[in-house]
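There are 2 protein chains.
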Amino acid sequence: MIRISLDVMGGDFGPEVVIPGAAKALERHPDITFLLYGQSDKCEPFLERFPKLRANATVHHCEVAIGMDEKPSQALRRGRGVSSMWRAIDAVKDGTADVAVSAGNTGALMAMAMFCLRTMQGIERPAIAGIWPTARGESVVLDIGATIGADAKQLLDFALMGGAMARALFDIDSPTVGLLNVGAEEVKGNEEVKEAGRLLREADLDGLTYYGFVEGDDLGKGTVDVVVTEGFTGNIALKAAEGTARQMANFLKMAMSRTLMAKIGYLFARGAFRMLREKLDPRKSNGGVFLGLNGIVIKSHGGTDAEGYAAAIDVAYDMVKNGLTKKIENDLKNYHAGRESPVGPETA
Amino acid sequence: MIRISLDVMGGDFGPEVVIPGAAKALERHPDITFLLYGQSDKCEPFLERFPKLRANATVHHCEVAIGMDEKPSQALRRGRGVSSMWRAIDAVKDGTADVAVSAGNTGALMAMAMFCLRTMQGIERPAIAGIWPTARGESVVLDIGATIGADAKQLLDFALMGGAMARALFDIDSPTVGLLNVGAEEVKGNEEVKEAGRLLREADLDGLTYYGFVEGDDLGKGTVDVVVTEGFTGNIALKAAEGTARQMANFLKMAMSRTLMAKIGYLFARGAFRMLREKLDPRKSNGGVFLGLNGIVIKSHGGTDAEGYAAAIDVAYDMVKNGLTKKIENDLKNYHAGRESPVGPETA
Chain E
11 MIRISLDVMG GDFGPEVVIP GAAKALERHP DITFLLYGQS DKCEPFLERF PKLRANATVH
71 HCEVAIGMDE KPSQALRRGR GVSSMWRAID AVKDGTADVA VSAGNTGALM AMAMFCLRTM
131 QGIERPAIAG IWPTARGESV VLDIGATIGA DAKQLLDFAL MGGAMARALF DIDSPTVGLL
191 NVGAEEVKGN EEVKEAGRLL READLDGLTY YGFVEGDDLG KGTVDVVVTE GFTGNIALKA
251 AEGTARQMAN FLKMAMSRTL MAKIGYLFAR GAFRMLREKL DPRKSNGGVF LGLNGIVIKS
311 HGGTDAEGYA AAIDVAYDMV KNGLTKKIEN DLKNYHAGRE SPVGPETA
Chain V
11 MIRISLDVMG GDFGPEVVIP GAAKALERHP DITFLLYGQS DKCEPFLERF PKLRANATVH
71 HCEVAIGMDE KPSQALRRGR GVSSMWRAID AVKDGTADVA VSAGNTGALM AMAMFCLRTM
131 QGIERPAIAG IWPTARGESV VLDIGATIGA DAKQLLDFAL MGGAMARALF DIDSPTVGLL
191 NVGAEEVKGN EEVKEAGRLL READLDGLTY YGFVEGDDLG KGTVDVVVTE GFTGNIALKA
251 AEGTARQMAN FLKMAMSRTL MAKIGYLFAR GAFRMLREKL DPRKSNGGVF LGLNGIVIKS
311 HGGTDAEGYA AAIDVAYDMV KNGLTKKIEN DLKNYHAGRE SPVGPETA
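Keeping their order, the protein sequence lines are chains E and V.
Position in the first sequence (first residue = 1) + 10 = our numbering.
Position in the second sequence (first residue = 1) + 10 = our numbering.
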């Protein structure tokens with residue numbers, strides 16, 4: 011049984027998307043139990059339509075809903091203890107849920123998650139990991155916006171956590187990890203990235219294979235399983251790529267509706283276009299994973315639909331099922347054990 | 011008459027691409043005179059095929075060609091004064107050329123350009139500006155890799171130079187300028203970007219309209235005419251977007267050749283696909299402009315073909331024709347005049 015708490019009020023559409031999304035995810039994973047946090051009168055009309063979900067969910071009424079534009083500090087002040095967002099996270103803390111999912115605003119969600127769950131021992135700063143569709147399949151990319159200007163040690167932490175997540179997600183033993191940089195040569199880049207490269211080579215971590223530097227175009231190629239960068243660059247690279255994909259899709263749509271011949275061609279190739287649309291469906295890669303906290307929180311896009319929200323729940327499900335937190339804890343233990351032994355030469 | 015010096019040996023293919031590229035550009039702009047720097051025996055066989063170019067070009071023999079993998083320091087040591095790259099730049103310095111174009115390696119080209127031309131008075135660090143295809147047309151994006159970790163003052167310089175370039179390129183009076191950030195709110199981002207935002211608001215520059223912060227997906231939307239960022243993030247965002255475009259084009263190609271129906275559809279929609287291909291042709295946006303030096307140098311992609319190289323020459327031509335250097339100098343003068351007057355309150 012996987013217990014997933016949902017911030018039902020989060021996102022641009024709240025229960026209208028969250029509840030049908032949960033119902034979809036339940037179809038795929040009948041061993042989920044949901045804890046629904048939200049304004050119960052707003053949840054009920056939607057829950058009525060999904061009897062199976064209702065049988066596998068408990069509704070916990072929360073008066074306060076955090077707005078999509080609320081500042082993190084204000085959200086904490088107003089929502090601590092009482093908001094649907096806080097209580098969904100708190101359920102992970104007190105052990106009644108295995109993972110929390112919210113489509114609420116990222117800043118508020120991260121602030122509450124940090125305040126409530128705290129960072130793991132040995133981890134200085136949290137990261138948000140995204141799943142990036144590539145030519146080879148999928149890669150884990152982190153940080154996509156939690157820690158602006160992460161330093162070398164924090165980048166090493168991200169590599170370790172990203173490696174654990176890739177193992178949980180892709181079922182591989184030793185995922186390849188690359189540091190995002192402006193060139194592949196060792197002399198390239200800023201000091202933090204160069205130093206992180208040195209640390210990663212020396213650390214020789216158990217659960218991953220350090221590949222070296224990768225460049226922006228390696229993201230789409232899928233050169234490595236895990237791409238590590240600090241939150242400023244990661245966030246901008248992600249949005250630049252998403253924007254490019256949207257722009258190209260628009261160009262394609264325009265081109266295919268411009269002439270009669272193109273429209274006829276479109277009719278013939280309908281199946282191919284459907285396949286393409288499915289392959290590029292941004293909803294499929296929905297679900298940012300908060301890493302480095304004592305508990306897992308998944309951020310869904312705020313503007314997604316039920317299908318996209320269900321994908322974020324799928325990610326939550328996979329992370330619990332494959333023991334993400336345990337994997338990170340073990341990797342941290344191994345790393346620190348490796349570090350501590352050479353410190354005491356007298357004991358040898 | 012626009013005089014353009016070419017580093018004929020630069021790029022993956024050297025004269026094989028550079029000379030046909032120059033011939034193409036000359037067709038479009040008959041008022042160009044070329045100064046060709048390279049190994050004359052390697053240039054001749056290609057020049058023979060383009061009598062019109064030969065009549066409008068002088069060949070300057072240079073024994074040394076800089077390799078695509080040479081380190082900047084090594085390139086400077088080996089190539090200073092004698093290489094085709096150096097001499098093409100030096101022609102701008104001594105006034106025999108108006109602008110230099112090279113497809114050689116970026117690091118070496120920037121090192122030589124800085125060493126030879128020096129930075130403009132009032133500019134601390136150079137930038138490389140790229141032309142980014144958008145949903146609305148084109149935007150100027152800088153820096154895409156010259157100055158890793160630019161500070162707030164340097165970002166302000168980039169805004170000023172980017173504004174001047176947009177005026178030279180797009181024929182608009184006061185281009186909009188945005189700072190690339192992880193959110194639009196003033197509290198978002200790293201210290202340098204926030205400080206640069208304050209500086210830009212206060213500076214109230216003549217030749218541009220400061221828009222505020224923009225995000226990664228605003229690049230493709232074309233929200234502003236000029237997007238300013240430091241070189242690390244700019245380089246990665248550019249390559250991430252290029253990689254996404256390439257990946258989507260590959261998916262589309264695969265989808266359209268998978269079934270007989272798709273292939274028939276492709277035949278009907280051939281014209282639409284041709285239009286799409288032209289619209290997305292990466293060769294069209296070839297040509298990075300080195301800004302902030304006493305002279306203009308254009309960097310072409312190393313792996314481009316003659317069409318792409320000709321596009322880089324087009325950019326060079328436009329920059330000279332529209333007086334880019336003069337525009338930047340004037341903007342700098344106005345900016346510093348604006349700064350100096352309030353310093354002496356006693357004189358009022």
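Glycine included, C-beta positions come from ideal geometry on N, C-alpha and C.
9 angstroms Cβ cutoff, residue i in contact with chain V
| i | result |
| --- | --- |
| E/Ala139 | no |
| E/Phe23 | no |
| E/Arg208 | no |
| E/Phe278 | yes |
| E/Lys81 | yes |
| E/Val197 | yes |
Where residue i meets chain V, residues with beta-carbon distance less than 7 angstroms
| i | result |
| --- | --- |
| E/Thr254 | Gly230, Ala251, Thr254 and Ala255 |
| E/Lys289 | Phe261 |
Beta-bridge partners of residue i, as assigned by DSSP
| i | result |
| --- | --- |
| E/Val27 | Note: E/Val27 sits in no beta bridge, so no partner. |
| E/Phe300 | E/Ile138 and E/Val307 |
| V/Ser15 | V/Leu45 and V/Ala110 |
| E/Val151 | E/Gly140 and E/Val237 |
| E/Tyr220 | E/Val187 |
| E/His70 | E/Tyr47 |
| V/Ser93 | V/Val74 |
| E/Thr129 | E/Leu303 |
Beta-carbon gap between residue i and residue j smaller than 9 angstroms
| i | j | result |
| --- | --- | --- |
| V/Ala156 | V/Met122 | no |
| E/Gly114 | E/Met19 | yes |
| V/Val2 | V/Asp153 | Within the shown structure, residues of chain V are numbered from 11 to 358, placing residue 2 of chain V beyond reach of any answer. |
| V/Lys62 | V/Ala107 | no |
| V/Leu304 | V/Thr254 | Reading the sequence as shown, one finds Asn at residue 304 of chain V and not Leu. Not in contact: V/Asn304 and V/Thr254 (Cβ atoms no closer than 9 angstroms). |
| E/Thr144 | E/Leu229 | yes |
| E/Gly297 | E/Lys309 | yes |
| E/Ser112 | E/Met124 | no |
| V/Val69 | V/Gly48 | yes |
| E/Ala265 | V/Asp227 | no |
| E/Gly302 | E/Ile133 | yes |
| V/Met175 | V/Ala213 | no |
| E/Val299 | E/Ile14 | no |
| V/Gly275 | E/Gly275 | yes |
| E/Ala282 | V/Ala272 | yes |
| V/Arg135 | V/Ala160 | yes |
| V/Ala247 | E/Ile141 | no |
Proximal chain E residues relative to residue i, where beta-carbon distance stays under 8 angstroms
| i | result |
| --- | --- |
| V/Asn200 | Ile158, Gly159 and Phe242 |
| V/Thr269 | Gly281 and Ala282 |
| V/Ala145 | Gln257 and Asn260 |
Listed by chain order, chain V residues near residue i by CB distance under 8 angstroms
| i | result |
| --- | --- |
| E/Val192 | Gly155, Ile158, Gly241, Phe242, Asn245 and Ile246 |
| E/Ala107 | Within 8 angstroms Cβ-Cβ: nothing; E/Ala107 doesn't reach chain V, min ~29 angstroms. |
Alpha-carbon spacing of residue i relative to residue j, whole angstroms
| i | j | result |
| --- | --- | --- |
| V/Arg280 | V/Gly241 | 39 angstroms |
| V/Arg64 | V/Leu46 | 10 angstroms |
| V/Ser149 | V/Leu166 | 18 angstroms |
| E/Gly232 | E/Glu201 | 25 angstroms |
| E/Asp235 | E/Thr186 | 5 angstroms |
| E/Val353 | E/Lys343 | Below a pLDDT of 50, predicted positions are generally treated as unreliable, and E/Val353, at 45, falls in that range; no measurement from the model is reported. |
| E/Ile110 | E/Arg293 | Checking the displayed sequence, the identity of residue 110 of chain E turns out to be Ala instead of Ile. Distance between the alpha carbons of E/Ala110 and E/Arg293: 19 angstroms. |
| V/Ala320 | V/Ala101 | 20 angstroms |
| E/Leu127 | E/Arg97 | 12 angstroms |
| E/Ile99 | V/Thr219 | 43 angstroms |
| E/Met78 | E/Gly21 | 7 angstroms |
| V/Asp17 | V/Lys81 | 17 angstroms |
| V/Thr86 | E/Ile323 | With the sequence shown as reference, residue 86 of chain V is identified as Leu, and Thr is not the correct amino acid for it. Rounded to the nearest angstrom, the two C-alpha atoms are 56 angstroms apart. |
| V/Ile182 | V/Met171 | 15 angstroms |
Minimum Cβ-Cβ distance from residue i to chain E less than 9 angstroms
| i | result |
| --- | --- |
| V/Ile274 | yes |
| V/Lys294 | no |
| V/Val238 | no |
Proximity test, residue i beta-carbon vs the ligand ZN heavy atom, cut-off 8 angstroms
| i | result |
| --- | --- |
| E/Arg146 | Among the ligands in the structure shown, none appear at all, so the ligand ZN cannot be discussed. |
Contacts of residue i in chain E (Cβ-Cβ under 9 angstroms)
| i | result |
| --- | --- |
| V/Gly226 | Asn245, Ile246, Ala247, Leu248, Lys249, Ala250, Ala251, Glu252 and Gly253 |
Listed by chain order, chain V residues near residue i by CB distance under 9 angstroms
| i | result |
| --- | --- |
| E/Leu286 | Met258, Phe261, Leu262, Met264, Ala265 and Met266 |
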